[in-house]
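K.L.:
Start counting the sequence shown at 1; every next residue gets the next number (full-length UniProt numbering). Idealized CB from N, CA, C, for every residue including glycine. In this text, all values refer to a predicted model and were calculated from it rather than measured experimentally. The structure follows.
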Amino acid sequence: MSGHSYDSEQYWKANLRLIIGSLVVWALVSYGFAILLRPMLAGIHVGGTDLGFWFAQQGSILAFIVLIFHYAWRMNKIDEKFGVHEE
Numbered sequence: 001m002s003g004h005s006y007d008s009e010q011y012w013k014a015n016l017r018l019i020i021g022s023l024v025v026w027a028l029v030s031y032g033f034a035i036l037l038r039p040m041l042a043g044i045h046v047g048g049t050d051l052g053f054w055f056a057q058q059g060s061i062l063a064f065i066v067l068i069f070h071y072a073w074r075m076n077k078i079d080e081k082f083g084v085h086e087e
């Protein structure tokens, strides 16, 4: 029983690390690049507009899609590692 709670604790620590990492990337892309760092990104042009505007309109969406696939892939690896994966 104690072995199971240890595995469970490690599983949730790995899960929380993944969630926190994903949230940090999400905040950096959506809030950081698109709002806070926009003045610094204004001189970099992408697709006819500045990079800050591009992140606000397009980059954030693409980053979120990548985050979704990365999260699913990493969670499957974590689930397999701890023996709780789907068959």
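By the DSSP assignment, the alpha helix (DSSP H) with A72 in it spans what residues?
P.N.:
Along the sequence shown, read from residue 1 onward, the residue named residue 72 stands at position 72. S60 to K81 is the extent of the alpha helix (DSSP H) around A72.
K.L.:
Exposed or buried, what is G83 when buried is set at 16 or more other beta-carbons lying within 10 Å of its beta-carbon?
P.N.:
What you label residue 83 is simply residue 83 of the sequence shown in a count that begins at 1. So G83 ends up on the exposed side.
K.L.:
DSSP puts D50 in a beta bridge; with which residues?
P.N.:
What you label residue 50 is simply residue 50 of the sequence shown in a count that begins at 1. Its beta-bridge partners are H45.
K.L.:
So I44 and L51 are supposed to be a Cβ contact under 8 Å. How far apart are they, rounded?
P.N.:
Along the sequence shown, one-based indexing puts residue 44 at 44. Along the sequence shown, one-based indexing puts residue 51 at 51. So it is a contact: roughly 4 Å between Cβ atoms.
K.L.:
If you run the structure through DSSP and keep just helix, strand and coil, what is V84?
P.N.:
As a working mapping, residue 84 is identified with position 84 in the sequence shown. Three-state DSSP puts V84 in coil, outside helix and strand.
K.L.:
Among F55, E9 and L18, which residue has its Cα nearest to the Cα of L28?
P.N.:
For the purposes of this step, residue 28 is taken as residue 28 along the sequence shown, with counting starting at 1. That would be F55, whose Cα lies nearest to the Cα of L28.
K.L.:
Pairing CB atoms from the stretch 11-19 with CB atoms from the stretch 58-66, are three or more of them under 8 Å?
P.N.:
no
K.L.:
With DSSP run on the structure shown, which of helix, strand or coil describes R17?
P.N.:
By one-based count along the sequence shown, residue 17 stands at place 17. When secondary structure is reduced to three states using DSSP, R17 falls in the helix class.
K.L.:
Between A42, Q58 and I68, which lies nearest to S30 when the distance is taken from Cα to Cα?
P.N.:
Within the sequence shown, numbered from 1, the residue matching residue 30 stands at position 30. Minimum Cα distance to S30 is reached at Q58.
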